[in-house]
Amino acid sequence: MDVWLGKEDGITILEECKKIYPTLPILMISGHGTIEIAVAATKKGAVDFLEKPLSIEKVLQAIDDLVKSDQKNSASDIKLEYDEILGNSPAIQKVKFAIAQAASTNARVFIYGENGTGKELVAKTIFKNSKRKDSPFVEMNCAAIPEELIESELFGFTKGAFTGATDSRIGKFEAANGGTLFLDEICDMSLSTQAKVLRILQEQRFEKLGSTETITVDVRIIAATNIPVEEAIRDGKFREDLYYRLNVIPITIPPLRERTSDIPLLVDYYISKTLEENNLLSKKIESEAVSILQNHFWPGNIRELKM
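Given below as structure tokens:
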């Protein structure tokens, strides 16, 4: 659907369609200079948008992606394996529902959470319950790779592409073809690399460093950060257009201090797991100790609790 439909406003029609057919996947089309409107459309429920001028290849690829996503099943109908995503608090239930929604589609996901909240675990849970579960799951921590190496890691390189490139190597995008690529701490990625990632999202193709040969890929992106993205955008450190391309399904993981009612369950689980792994007898933690844990600030969140 075009965002401009003569006298009609495409976004208004989109809203009406989603009210009547909430699970209907809708792809919006935006002309040059109307990206803000198209971005607003994704917030209103559009699965994605294409920018004009259109090519038949882009349209067919987008339609194929929507068909594969199979959004006919609602998130509540899906039986998921949540692994260590434990808790019954409203905050964590909201996360579980978002995971179910993400697992039922092929849409991109943007996860926000403080360090130690379990962003990687959420990404893997989405993957394990998605239709891509039998395909590769490739992960990369953008903060752990030097800026001068990140593009070679993402896109791969040919022999002789740069000093030290003694052999050709595939990158993360090619390794994840048909599956899912988890880009952790994506806000640490340079603006120039962000632009290249944006191009892949738009065209589903790229070139290795040192090569002119185009490689076509089908990769689902799950991105994550511990930095408030809106601040990074305001500071000019993250591309707004890339953010809205990735933020189709946003998931915010609450810090542990905001879900203290889950701490008894978490403590029991991790104690039992540790005792079992070490062939020790089962033990219970005293209620006074649990109360102390519930009053702790937990700057390291779940990671700190597990330690």
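Each residue of the sequence shown is one higher than the one before, counting from 69 in the working numbering.
Using N, Cα and C, we set each Cβ at its ideal position, and we do this for glycine too.
Minimum C-alpha distance to residue i - residue among the options
i, options, result
"Leu-361", "Gly-246, Arg-327, Ile-167, Asp-116", "Arg-327"
"Ala-159", "Val-127, Thr-320, Leu-334, Asn-363", "Thr-320"
"Asp-202", "Lys-162, Gly-246, Thr-234", "Gly-246"
"Asp-309", "Thr-293, Ile-339, Lys-112, Leu-259", "Leu-259"
"Asn-294", "Val-265, Ala-263, Asp-252, Thr-231", "Asp-252"
"Pro-121", "Glu-271, Ile-213, Val-190", "Glu-271"
"Glu-152", "Thr-226, Lys-341, Ile-268", "Lys-341"
"Pro-296", "Ile-124, Cys-255, Asn-369, Asp-330", "Cys-255"
"Ser-329", "Glu-298, Glu-149, Asn-156", "Asn-156"
"Leu-266", "Ile-289, Gly-278, Ile-283", "Ile-289"
"Glu-242", "Ala-233, Gly-228, Ser-220", "Ser-220"
"Ala-212", "Leu-277, Arg-371, Glu-344, Met-257", "Met-257"
"Arg-371", "Gly-99, Leu-334, Leu-92", "Leu-334"
"Thr-173", "Lys-111, Ile-331, Leu-92", "Leu-92"
"Gly-113", "Thr-282, Thr-80, Ala-263, Phe-205", "Thr-80"
"Arg-325", "Glu-344, Asn-369, Leu-343", "Asn-369"
"Leu-276", "Ala-233, Ile-131, Gly-78", "It should be noted that the sequence gives Lys, not Leu, for residue 276. Nearest of Ala-233, Ile-131, Gly-78 to Lys-276, Cα basis: Ala-233."
Under 7 Å between C-beta atoms of residue i and residue j
i, j, result
"Phe-274", "Phe-223", "yes"
"Leu-118", "Lys-126", "yes"
"Ile-94", "Leu-82", "yes"
"Phe-178", "Pro-318", "yes"
"Ser-236", "Thr-248", "no"
"Val-115", "Ala-175", "yes"
"Met-208", "Lys-187", "no"
"Thr-261", "Ile-194", "no"
"Leu-154", "Tyr-337", "yes"
"Val-190", "Ala-244", "no"
"Leu-349", "Arg-313", "no"
Pairwise C-alpha distance: residue j and residue i
i, j, result
"Ile-146", "Ala-291", "Residue confidence for Ile-146 is low, a pLDDT of 49 falling below 50, so the modelled location carries little weight; the figure read from the coordinates is stated next. Cα-Cα distance, rounded: 23 Å."
"Asn-347", "Tyr-180", "37 Å"
"Ala-108", "Glu-84", "15 Å"
"His-364", "Arg-200", "39 Å"
"Tyr-311", "Lys-351", "46 Å"
"Gly-184", "Pro-323", "8 Å"
"Lys-192", "Ile-167", "10 Å"
"Met-69", "Val-163", "30 Å"
"Gln-161", "Ala-300", "28 Å"
"Gln-139", "Ser-198", "Model confidence at Gln-139 stands at a pLDDT of 46, short of 50, so the residue's coordinates are unreliable; what they give is reported in the following sentence. Answer to the nearest angstrom: the Cα atoms are 12 Å apart."
"Lys-385", "Glu-149", "A query on residue 385 cannot be resolved here, the shown segment of the chain reaching from 69 to 375 and no further."
"Ile-124", "Thr-284", "16 Å"
"Lys-216", "Ser-359", "This sequence places Glu at residue 216; Lys is not what is there. Approximately 48 Å between the Cα atoms of the pair."
"Lys-86", "Phe-165", "19 Å"
"Ile-238", "Glu-298", "33 Å"
"Ala-357", "Pro-214", "43 Å"
Limits of the alpha helix (DSSP H) - the one that residue i falls within
i, result
"Ser-260", "259-271"
"Ala-300", "297-302"
"Leu-314", "308-314"
Element boundaries [beta strand (DSSP E), containing residue i]
i, result
"Thr-293", "288-293"
"Leu-277", "Per DSSP, Leu-277 belongs to no beta strand (DSSP E) and is neither H nor E."
"Met-96", "95-98"
Item checked: Runs of beta strand (DSSP E) lying entirely within the stretch 317-368, each at least 3 residues, in chain order -> 317-320
Note to self: Quick check for students: name the residue ranges of the alpha helix (DSSP H) that lie wholly in the stretch 116-196, counting only runs of 4 or more.
What the structure shows: 124-137, 158-171, 187-196
Check: Can you give, in chain order, each stretch of the beta strand (DSSP E) that sits fully within the stretch 199-261 and has at least 3 residues?
Finding: 205-209, 248-252
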